[in-house]
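Step one of this worksheet: look at the structure below.
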Amino acid sequence: GQKEIFYLENIDSTNNEAKKQANLGCHEGAIVLSEMQNGGRGRISRSWFSPAGKGIWLSVVLRPPFHPYDAPKCTLLAAVAVTKAIRSVTQVQCGIKWPNDILYEGKKIVGILTEMNAEMDAINYVVIGIGINVNISQEEFPLELRQIATSLSVAADKPIPRLPLLQEILSALEKEYHKVIQHGFVEMLDEWRELSVTLGQTVDIIGASEKSSGLAVDIDKDGALLVEIEGRIEKIIAGDVSIRPR
Ligand code: BTN
């Protein structure tokens, strides 16, 4: 359907702008897009490399009717929609690393940052920020990212037009969101499992006080990662894991 679009040349972070618009009362489904970001943010207070014209730097405002407790699953929903859209438009067989990175051959192509504003038991808004490295050559990445990040154009070995991809992403997001609103999270979580590159892999749990690693066996109904460590199942609710190269 018709949605408000805030399209900018340059901004600190599309997530910041989306939160501003959400606080001013914009409708659900409003999007903020910028050609570049000069203060792009990642998870765990990292920054996000957002050069002009070479990516999709996008934030979507949702006002979901569910409990704040379920909001983190918006991130999983976005990862599912974006992965499907990328696969269908570019043929790049990327997959989801828990909770919400999209990787190709072990390197990150997409990052997702979800931020929520809630009062008591109700969500006011959720902003889903999606950063997609589209046409960035490997040498253009800053040194510290060169080994861990890549782009769709590198993966596909050709330039990728952004507009058709953006359109497919927005329509996939809308479809996935409506599915969740109408039928709950079960189907979406199954799709996440299908698209995951984490399940079945040995993972190191980052930030754990003692060294812990184990086999990622599943995600639960809340989207937490279930890791088998010495015969016990541990539930990883937040944070990060790294996948052991085989
Ligand atoms: C991560 O992997 O740590 C999340 C990265 C999220 C980046 C996107 S780009 C659009 C939106 N605006 C931001 O400042 N961050 C998100």
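Quick note: the sequence shown, position 175, residue 253 per the UniProt record's numbering, numbers continuous.
Every residue gets a Cβ at the ideal spot worked out from N, C-alpha and C, and that includes glycine.
Residues sharing a beta bridge with residue i, DSSP
{"i": "W135", "result": "S112, G209"}
{"i": "R119", "result": "S125"}
{"i": "T280", "result": "L293"}
{"i": "S274", "result": "I174"}
{"i": "V204", "result": "L140, M194"}
{"i": "R310", "result": "I307"}
{"i": "D235", "result": "Note: D235 sits in no beta bridge, so no partner."}
{"i": "F84", "result": "V110"}
{"i": "I89", "result": "Q115"}
For residue j and residue i, believed in contact at Cβ under 8 Å, the rounded distance
{"i": "V138", "j": "I206", "result": "5 Å"}
{"i": "Y85", "j": "L140", "result": "So it is not a contact: roughly 19 Å between Cβ atoms."}
{"i": "I109", "j": "L136", "result": "6 Å"}
{"i": "V305", "j": "L181", "result": "Wrong, their Cβ atoms sit about 18 Å apart, outside the cutoff."}
{"i": "F263", "j": "K313", "result": "Actually they do not touch by this definition, with Cβ atoms about 17 Å apart."}
{"i": "V319", "j": "L303", "result": "7 Å"}
{"i": "I174", "j": "L251", "result": "The pair is not a contact, with the Cβ atoms about 15 Å apart (cut-off 8 Å)."}
Cβ neighbours of residue i in the same chain (closer than 8 Å, five flanking residues each side left out)
{"i": "R271", "result": "L277, D296, I297"}
{"i": "N88", "result": "S112, E113, M114, Q115, N116, A130"}
{"i": "S125", "result": "G117, G118, R119"}
{"i": "P146", "result": "M194, A196, D199, A200, I201"}
{"i": "A149", "result": "P142, T192, M194, A196, I201, V204"}
{"i": "R224", "result": "Q216, E217"}
{"i": "V212", "result": "K132, G133, I134, S229, L230, S231, I238, R240, L243"}
{"i": "Q171", "result": "R165, Y182"}
Cβ-heavy atom distance, residue i to ligand 1, below 6 Å
{"i": "W176", "result": "no"}
{"i": "L181", "result": "no"}
{"i": "L248", "result": "no"}
{"i": "T228", "result": "no"}
{"i": "T161", "result": "no"}
{"i": "L191", "result": "yes"}
{"i": "N93", "result": "yes"}
{"i": "W126", "result": "yes"}
{"i": "R271", "result": "no"}
{"i": "P320", "result": "The identity of residue 320 in the sequence shown is Ser, whereas the question assumes Pro. Flag unset: Cβ of S320 not near ligand 1."}
{"i": "S137", "result": "yes"}
{"i": "R240", "result": "no"}
{"i": "G118", "result": "yes"}
{"i": "G207", "result": "yes"}
{"i": "R121", "result": "yes"}
Buried or exposed by the 16-neighbour rule on C-beta atoms within 10 Å, applied to residue i
{"i": "L267", "result": "buried"}
{"i": "A233", "result": "buried"}
{"i": "N101", "result": "exposed"}
{"i": "L243", "result": "buried"}
{"i": "G209", "result": "buried"}
{"i": "G236", "result": "Here residue 236 is Lys; the residue named in the question, Gly, does not match the sequence. The residue in question, K236, is exposed, as its Cβ has fewer than 16 Cβ neighbours within 10 Å."}
Sequence-distant residues of the same chain with beta carbon closer than 6 Å to residue i, five excluded per side
{"i": "E106", "result": "L140, R141"}
{"i": "N178", "result": "T153, A157, I190"}
{"i": "I214", "result": "K132, S229"}
{"i": "F219", "result": "A227"}
Same chain only: Cβ atoms within 7 Å of residue i, ignoring 5 sequence neighbours per side
{"i": "C104", "result": "E82, V139"}
{"i": "K257", "result": "E265, M266"}
{"i": "L90", "result": "According to the sequence as given, residue 90 is Asp; it is not Leu. So the qualifying residues of the chain are Q115, N116, G117."}
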